[in-house]
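Numbering (numbering that gives the first Met the number 0), first residue to last: 0 to 570. A short worksheet on the structure shown next.
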Amino acid sequence: MSDTSVHLSLPYLQASQAQKHVTHNEALRLLDSIVQLSVISADQTTPPAAPQDGDRYLLPAGVTGVWAGHEGHVAIWDDSAWSFLSPAEGWLAWVSDTDQLRAHDGNAWGAVSGDMQNLDLVGVNTTADSNNRLSVAAANTLLTHEGAGHRLKINKAAEAETASLLTAGSDDFQIKVSADGSSFHQSLVADAQTGVVRFPSGVEGLTPPEFGTGELVSTSYLNAQRPGQVANATGLLGSNYNYPPSFAYDPAIAPNLPAAFRHDGYYPGRVEMAEPLAVDPNQVYRLESYLRQESTAGDWSAFAHGERHRHDMGLIFLDADGQEIDPRHHMRYRHNGTDSMTTLAAPLSPGDTTVQLTDASGWNEADPQTEKRGLAILAYKAPGGQRYSHYSRLVEFGLFDLGQVNKGTGTVTLNQPLPASLGNPEDGNGTWPAGTPIANSDSSDAPRAAFYSTPALTDPDQWYRSRAHIGGVDLSGTNAPFNFPPGTACVRVFWLPNYSNRPGGWSGYPDTGAGHSVWFSGVSVLPEALAAQDRVASGASSGMVDLLVPVTDFATGAMSLSPPGAVLTAL
């Protein structure tokens, strides 16, 4: 019989052995060292200078000193000396300094858990194999960040190899993105049958930067702009694109065009086309469109226009930065026809309570309206860098009261300190120098119905073609009806449809109900090459541009130039 146990080499007590307690205690010491084995380190190569009784280490390669020659053993400090145990296959040891469990495979120690490097296979809720070394069976797979970004990379060994993404469910390949993790947008779809790629949310960057930052357009879209610049003017795109969303696309009722666009019911307020139109305000443009009012059953004899309603159609004016130009941004007060536009006779800064003018003869001394008692500083520089002389967004109303304009001295006494909003943005103190153009403010609430403002069409269920003109830049400050406001770079078409159809009736017009329809189509904005212009040099409208536009006479075959005006002609 052996003197030691098979697995842990614990000494046995012999039958005739003296001092049996020594052997027994040695076995207990070995058990205490091996059972629930926990070592201080598995990487230390030099024995500690002051070990404590019971300290244990797994000895790595390269150990020195008294540990030399014991690589792979368990070193145990017992009172005053190191002893060494040779591990067998299946021993487990906890390594305290790395919080790692190690196992001995009969040749060396290796990590049991925590080290997931160089694994052969990983299967999550499924079985991985040699072709799919990482396999995941789940409804979703999340690869998230650890505080910054996250990149998913697919690499391949050589150009001839393949790195691919496969799809499931739909055969189409799709890329979707989300800003919040719940609402997703389709960025790219590749059709499985044709390979055709679509960008459902739009695409940018496919044209040279010199072409601008807008989106690509199709030939169908370009064709739908002809004639007259306006996109989808005649309904050629087969939808209500560019028209107000509340207008219904209607191919059944149209003035010999692909379609018309129908508004039903009460006046909804101002509605607009989606796209602005670039214009040259120095030119004259012919504005054309079609409209048709529906007849509706009932006794309308008590109303001058029967069941027919007023409709307005006009233009919104935009500057080069896309800002809407309101009348307040270019209108100026005129006293008895004398323009209030002048210059500062002394510097003006925020906080000042007086304004010193070169000439106050055109300033307001009689009209109490708030918009006519303010300042317009006509030295506006737009965000895009453009400077304007007759257009300004530096306007404030109600800054002085009647009786506070001294025309003899050119002094305007303000009823409050000049607000910081009227300061010079190019000066650290906001000061405007002497010589800066300035005017008495003015404004108007009326929208510019440049196409038409019709009391009512003559007959219902009849298509009418409208024609009007606009051109030249208005420098008069009077909001001249046939001129572009100064600063205009683009225009947008608007409507006030069924303007007089209001619940309960309005201003002599009946309430014809929430289903009463009006149709519009064929919007056109085209340069009028034969028009003539002449700027008014003096008088109450000085600075305005007079227009003469061509008018034809079928009977005589003659053409003449006449002042502009809105004309409605039945088809």
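Just so it is clear, CB atoms sit at the ideal spot from N, CA and C, and this is done for glycine as well.
* Asked: Counting only runs that start and end within the region 167 to 221, where is the beta strand (DSSP E) found for 3 or more residues in a row?
  -> Qualifying beta strand (DSSP E) stretches, in chain order: 172 to 177 and 183 to 189.
* Spatially closest choice to Val575 from Ala449, Gln43, Glu364 and Val354, by CA coordinates -> Because the chain spans 0 through 570 in this model, residue 575 falls outside it and cannot be assessed.
* Excluding the 5 residues preceding and the 5 following Phe302 in the sequence, name in chain order all residues of the same chain whose CB lies nearer than 6 Å to its CB. => Locating residue 302 in the sequence shown gives position 303, counting from the first residue. Excluding positions up to five away in sequence, the list reads Pro509.
* If Tyr289 and Tyr451 are in contact, beta carbons under 8 Å, what's the gap, nearest whole angstrom? -> If you number the sequence shown from 1, residue 289 lands on position 290. If you number the sequence shown from 1, residue 451 lands on position 452. The Cβ separation is near 11 Å, so there is no contact.
* Under 6 Å Cβ to Cβ from Gly486, same chain only, skipping five residues before and after it: list those, please. => Position 487 of the sequence shown, counting from 1, holds the residue named residue 486. Result list for Gly486: Asp318, Ile324, Tyr387 and Tyr390, in chain order.
* Please look up how many angstroms separate the CB atoms of Thr357 and Thr342, rounded, as I've assumed it's under 8 Å. => Against the sequence shown, residue 357 aligns to sequence position 358. Against the sequence shown, residue 342 aligns to sequence position 343. That belief holds up - the Cβ atoms of Thr357 and Thr342 are roughly 5 Å apart, short of 8 Å.
* To do: Output the distance between the C-alpha atoms of Pro424 and Thr430, rounded to the nearest integer angstrom.
  => Counted from its first residue, the sequence shown places residue 424 at position 425. Counted from its first residue, the sequence shown places residue 430 at position 431. Across the structure, Pro424 and Thr430 are spaced so that their CA atoms are roughly 8 Å apart.
* Any beta strand (DSSP E) of 3 or more consecutive residues that is wholly inside the region 95 to 156 -> 99 to 103, 108 to 110, 121 to 123 and 133 to 135
* Count the other C-beta atoms from every protein chain shown that fall within 10 angstroms of the C-beta of Asn154, then say buried if there are 16 or more, exposed otherwise. => Taking the first residue of the sequence shown as position 1, residue 154 is located at position 155. Result: exposed.
* Using the Cα positions of Gly373 and Asn335, report the straight-line distance between them to the nearest angstrom. => Position 374 of the sequence shown, counted from the start, is the residue given in the question as residue 373. Position 336 of the sequence shown, counted from the start, is the residue given in the question as residue 335. Straight-line Cα distance between these residues: approximately 18 Å.
* To do: Indicate whether Leu84 and Val73 have their beta-carbon atoms separated by less than 8 Å.
  => Position 85 of the sequence shown holds residue 84. Position 74 of the sequence shown holds residue 73. Yes, the pair counts as a contact, with Cβ atoms nearer than the cut-off.
* First and last residue of the uninterrupted beta strand (DSSP E) at Phe83 -> Walking along the sequence shown from the start, residue 83 turns up at place 84. Counting along the chain, the beta strand (DSSP E) containing Phe83 begins and ends at Ala80 to Leu84.
* **Closest by C-alpha distance to Ser559, when choosing among Thr568, Leu546 and Ser520** => Here residue 559 is taken as the residue at index 560 of the sequence shown, counted from 1. It is Leu546 whose Cα lies nearest to the Cα of Ser559.
* **Validate contact between the region 472 to 483 and the region 534 to 544 using beta carbons, cut 8 Å, 3 pairs** => Output reads yes: the region 534 to 544 touches the region 472 to 483.
* Cut-off 7 Å between Cβ atoms - residues of its own chain near Thr551, not counting five sequence neighbours on either side -> The residue labelled residue 551 in the question sits at position 552 within the sequence shown. Contacts found: Met558.
* Count the C-beta pairs between the region 273 to 289 and the region 454 to 472 that are closer than 8 Å, then say yes if the count reaches three, no if not. => yes
* Quick one: what's got a C-beta closer than 8 Å to Ser506's C-beta in the same chain, skipping five residues either side? -> For the purposes of this step, residue 506 is taken as residue 507 along the sequence shown, with counting starting at 1. Contacts found: Ser499.
* For Gly564 versus Arg447, is the C-beta spacing smaller than 8 Å? -> By one-based count along the sequence shown, residue 564 stands at place 565. By one-based count along the sequence shown, residue 447 stands at place 448. No, these two residues do not count as a Cβ contact at 8 Å.
* Return the residue from the list Gln116, Thr193, Ile315 and Pro86 that minimises the CA-CA distance to Ala571. => This structure cannot speak to residue 571, because the chain is shown only from 0 to 570.
* Asked: Is the beta carbon of Asp311 sitting closer than 8 Å to the one on Ser516?
  -> Taking the sequence shown and counting its residues from 1, the one referred to as residue 311 is at position 312. Taking the sequence shown and counting its residues from 1, the one referred to as residue 516 is at position 517. No. Outside cutoff.
* Asked: Excluding five sequence neighbours on each side, which residues of the same chain lie with their C-beta closer than 7 Å to the C-beta of Pro459?
  -> For the purposes of this step, residue 459 is taken as residue 460 along the sequence shown, with counting starting at 1. Excluding positions up to five away in sequence, the list reads Gln292, Glu293, Ser294, Glu306 and Arg307.
* Between the C-alpha atoms of Val278 and Cys489, what's the straight-line distance to the nearest angstrom? -> For the purposes of this step, residue 278 is taken as residue 279 along the sequence shown, with counting starting at 1. For the purposes of this step, residue 489 is taken as residue 490 along the sequence shown, with counting starting at 1. Going from the Cα of Val278 to the Cα of Cys489 covers about 5 Å.
* When we look at the beta-carbon of Gly146 and count the other beta-carbons within 10 Å, is it buried (16 or more) or exposed? -> Reading the sequence shown from its first residue, position 147 is the one you call residue 146. The residue is exposed, with fewer than 16 neighbouring Cβ atoms inside 10 Å.
* To do: Check whether the Cβ atoms of Ser523 and Ala232 lie closer than 8 Å to each other.
  => Indexing the sequence shown from 1 puts residue 523 at position 524. Indexing the sequence shown from 1 puts residue 232 at position 233. Yes. Within cutoff.
* Asked: Distance, Cα to Cα, Tyr332 vs Leu276?
  -> Your numbering for residue 332 matches position 333 in the sequence shown. Your numbering for residue 276 matches position 277 in the sequence shown. Distance between the alpha carbons of Tyr332 and Leu276 is about 30 Å.
* Should Gly234 go down as buried or exposed, given a rule of 16 or more other Cβ atoms within 10 Å for buried? -> Start at 1 with the first residue of the sequence shown, and residue 234 comes out as number 235. By the 10 Å Cβ count, Gly234 comes out buried.
* Closest by C-alpha distance to Gly61, when choosing among Ile75, Ala41 and Asp78 -> Stepping through the sequence shown from its first residue, residue 61 is reached at position 62. The candidate whose alpha carbon is nearest that of Gly61 is Ala41.
* **Per DSSP, the bridge partner or partners of Ala467** => Numbered from 1 along the sequence shown, position 468 holds the residue referred to as residue 467. DSSP output for Ala467 lists Leu286 as bridge partner(s).
* Three or more beta-carbon pairs under 8 Å between the region 399 to 407 and the region 361 to 379, yes or no? -> yes
* Asked: If you drop the 5 nearest sequence neighbours on each side, which residues of the same chain put their C-beta closer than 7 Å to that of Gly122?
  -> Mapped onto the sequence shown, residue 122 falls at position 123. Excluding positions up to five away in sequence, the list reads Ser134.
* On the DSSP bridge assignment, give the partners of Phe260 in chain order. => Translated into positions along the sequence shown, residue 260 becomes position 261. Phe260 is bridged to Tyr248 and Phe519.
* Asked: Relative to the C-alpha of Val472, which residue among Gln35, Tyr284 and Asp366 is closest?
  -> To locate residue 472, count along the sequence shown from 1; it is residue 473. Measuring from the Cα of Val472, the nearest candidate turns out to be Tyr284.
* Pro568 (DSSP reduced to helix, strand or coil) -> What you label residue 568 is simply residue 569 of the sequence shown in a count that begins at 1. In the sequence as displayed, the identity of residue 568 is Thr instead of Pro. Thr568 falls in the strand class under three-state DSSP.
* To do: In the DSSP assignment, find the unbroken beta strand (DSSP E) run with Pro549 in it and report its ends.
  => Here residue 549 corresponds to residue number 550 of the sequence shown, with the count starting at 1. Here the beta strand (DSSP E) through Pro549 covers Val544 to Asp552.
* Asked: Who are the Cβ neighbours of Pro496 in its own chain at under 6 Å, not counting the five residues just before and after it?
  -> On the sequence shown, position 497 is the one that residue 496 refers to. Within the same chain, Pro496 has close Cβ partners His262, His310 and Val517.
* Thinking C-alpha only, which one of Asp441, Val34, Gly68 and Ala49 is nearest Ser79? -> Working through the sequence shown from its first residue, we reach residue 79 at position 80. Of the candidates Asp441, Val34, Gly68 and Ala49, Ala49 places its Cα closest to the Cα of Ser79.
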